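Working notes, beginning with the structure itself.
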Amino acid sequence: MPIYTPTSVREATEIFAENPEAMLLAGGTDFMVEVNFNHRKPSSVINLARVNELKSWHLDTQTSVIRIGATVPFSQFESSEFEQLSPALSHAARTVGSPQIRNTASIGGNLGTCSPAGDSLPVLFALDAQIEIASLQGTRSLSIHDFMLGPKRNALSVGEIVAAITIPVASGFQDYAKVGVRNAMVISIASACFALQDNQCRIALGSVGPTIIRCNEAEKFLQDYITQSSPPDLETIREFSRLAAVAAQPIDDHRSTATYRRHAIEVLARRLAMRSFSL
Ligand SMILES: Cc1cc2nc3c(=O)[nH]c(=O)nc-3n(C[C@H](O)[C@H](O)[C@H](O)COP(=O)(O)OP(=O)(O)OC[C@H]3O[C@@H](n4cnc5c(N)ncnc54)[C@H](O)[C@@H]3O)c2cc1C
1 MPIYTPTSVR
11 EATEIFAENP
21 EAMLLAGGTD
31 FMVEVNFNHR
41 KPSSVINLAR
51 VNELKSWHLD
61 TQTSVIRIGA
71 TVPFSQFESS
81 EFEQLSPALS
91 HAARTVGSPQ
101 IRNTASIGGN
111 LGTCSPAGDS
121 LPVLFALDAQ
131 IEIASLQGTR
141 SLSIHDFMLG
151 PKRNALSVGE
161 IVAAITIPVA
171 SGFQDYAKVG
181 VRNAMVISIA
191 SACFALQDNQ
201 CRIALGSVGP
211 TIIRCNEAEK
221 FLQDYITQSS
231 PPDLETIREF
241 SRLAAVAAQP
251 IDDHRSTATY
261 RRHAIEVLAR
271 RLAMRSFSL
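At position 140 of the sequence shown (counting the first as 1) the number is 140 in UniProt numbering, and the numbers step up by one without a gap.
Structure representation (structure tokens):
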């Protein structure tokens, strides 16, 4: 099978336009598993590994926005420099697979796969990330809320490549937590990102619905307390986490039961919110 190795986004989009049936390859940690199990039989592959412009992230100090190239591997978010700018994405990255997986698995690949269990996705939803998409026609920007359409379904059209992701620098507390069947090397059975961004409460849930879920009622409920001078008390946090659990749409599957998942969301939401108010 032909394997193309473009060295620029422009070249990658040209190859993709000429070979619309081609499949994109980034770190290969999802892609190669599917090929090995015969779930995918690509007729040609566009390997993004040599596209340098996709491999780095930078901070725009004027706008306080972080622009992350699609093939940046999760290990790069583990640095203390990145952690200061985006603690939630840094902490989510640390929970992905093993060091070997994190050295190759990319954030663009997480978006390409678009699993509700993808660890970067609740963070991107909580921070209202923008997804920069490149094709031969040019680039377009899409909100993460419009990008993820369902389990393993995204809004990319044929010939389109995720080029970059932009998120705001943290302006308040933010963190990510997940529950799995063991402590490491595990796909989440429930996850949550909690952020106080620009004094606004945000909470997004993973692995408990067909897409990532933003908990609007829980956010609205806690928002009233955030603007007050005294922090919310434990009863308020409990009600917040109960509302977050109500927003979850979990199912029973081979990883867990719906009942346990909803319970886990309540616990995660409570712990994250308590941590944010130092309770
Ligand atoms: C042992 C193991 C453990 C894992 N643990 C975790 C975990 O804890 N948390 C987690 O979230 N995931 C986990 N994964 C899944 C996987 O590592 C992630 O989803 C990862 O982000 C995929 O990135 P990649 O660069 O390897 O993508 P690839 O496998 O190369 O590609 C994945 C999909 O995205 C598409 N794609 C890649 N790049 C782009 C792009 N720029 N634009 C558009 N489409 C693109 C590909 O065509 C493919 O469909 C694990 C996988 C393995 C094998």
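For every residue, glycine included, the Cβ atom is placed at its ideal position computed from N, Cα and C. Note that this is a predicted model, so its numbers are computed, not measured.
Alpha helix (DSSP H) segment containing residue i, residue limits
{"i": "Ala241", "result": "Per the sequence presented here, residue 241 reads as Ser, with Ala not at that position. Leu234 to Ala247 is the extent of the alpha helix (DSSP H) around Ser241."}
{"i": "Lys41", "result": "Run containing Lys41: none; DSSP gives neither H nor E here."}
{"i": "Leu124", "result": "Leu121 to Ala126"}
{"i": "Gln84", "result": "Ser80 to Leu85"}
{"i": "Arg102", "result": "Pro99 to Thr104"}
{"i": "Ile212", "result": "Element bounds for Ile212: n/a, residue is neither H nor E."}
As assigned by DSSP and simplified to three states, the class of residue i
{"i": "Asp60", "result": "strand"}
{"i": "Leu279", "result": "coil"}
{"i": "Tyr183", "result": "The question names Tyr, but residue 183 is Asn in the sequence shown. Here Asn183 sits in coil by DSSP."}
{"i": "Thr5", "result": "coil"}
{"i": "Ile167", "result": "strand"}
{"i": "Phe194", "result": "strand"}
{"i": "Gln228", "result": "coil"}
{"i": "Pro154", "result": "For clarity, residue 154 is Asn in the given sequence; the question names Pro instead. Strand at Asn154."}
{"i": "Leu136", "result": "coil"}
{"i": "Ser115", "result": "coil"}
{"i": "Lys55", "result": "coil"}
{"i": "Ile251", "result": "coil"}
{"i": "Val72", "result": "coil"}
{"i": "Ile66", "result": "strand"}
{"i": "Asp30", "result": "coil"}
{"i": "Gly206", "result": "strand"}
{"i": "Val267", "result": "helix"}
{"i": "Ile189", "result": "coil"}
{"i": "Ala177", "result": "strand"}
Residue i - containing beta strand (DSSP E), residue span
{"i": "Val45", "result": "Val45 to Asn47"}
Classification of residue i by the beta-carbon crowding that lies within 10 angstroms, buried from 16 upward
{"i": "Thr7", "result": "exposed"}
{"i": "Leu196", "result": "buried"}
{"i": "Leu272", "result": "buried"}
{"i": "His254", "result": "exposed"}
{"i": "Pro250", "result": "buried"}
{"i": "Gly138", "result": "exposed"}
{"i": "Ala135", "result": "The displayed chain sequence assigns Ser, not Ala, to residue 135. The residue in question, Ser135, is buried, as its Cβ has 16 or more Cβ neighbours within 10 Å."}
{"i": "Ala245", "result": "buried"}
{"i": "Gln76", "result": "buried"}
{"i": "Ser90", "result": "buried"}
{"i": "Glu18", "result": "exposed"}
{"i": "Ser23", "result": "The identity of residue 23 in the sequence shown is Met, whereas the question assumes Ser. Buried, since its Cβ has 16 or more Cβ neighbours within 10 Å."}
Cβ separation of residue i and residue j, assumed to be a contact under 8 Å, to the nearest whole Å
{"i": "Ser56", "j": "Glu21", "result": "That belief does not hold up - the Cβ atoms of Ser56 and Glu21 are roughly 30 Å apart, past 8 Å."}
{"i": "Ala129", "j": "Ile167", "result": "5 Å"}
{"i": "Val162", "j": "Ala269", "result": "Between Ala269 and Val162 the Cβ distance is about 29 Å, and since that is not below 8 Å, they are no contact."}
{"i": "Arg261", "j": "Ser191", "result": "Rounded, the Cβ-Cβ distance is 10 Å, inconsistent with contact."}
{"i": "Phe194", "j": "Ser80", "result": "Contact flag wrong, Cβ pair sits at about 21 Å."}
{"i": "Ile107", "j": "Ser98", "result": "In fact, because the Cβ distance is near 17 Å, the residues do not count as touching under 8 Å."}
{"i": "Leu222", "j": "Ile212", "result": "Rounded, the Cβ-Cβ distance is 19 Å, inconsistent with contact."}
{"i": "Ala258", "j": "Val179", "result": "Not confirmed; about 14 Å, so no contact."}
{"i": "Ile66", "j": "Val169", "result": "6 Å"}
{"i": "Ala105", "j": "Pro73", "result": "6 Å"}
{"i": "Ala247", "j": "Cys215", "result": "4 Å"}
If contact is defined by three or more beta carbon pairs under 8 Å, each pair taking one atom from either stretch, is the stretch 137 to 155 in contact with the stretch 170 to 177? no
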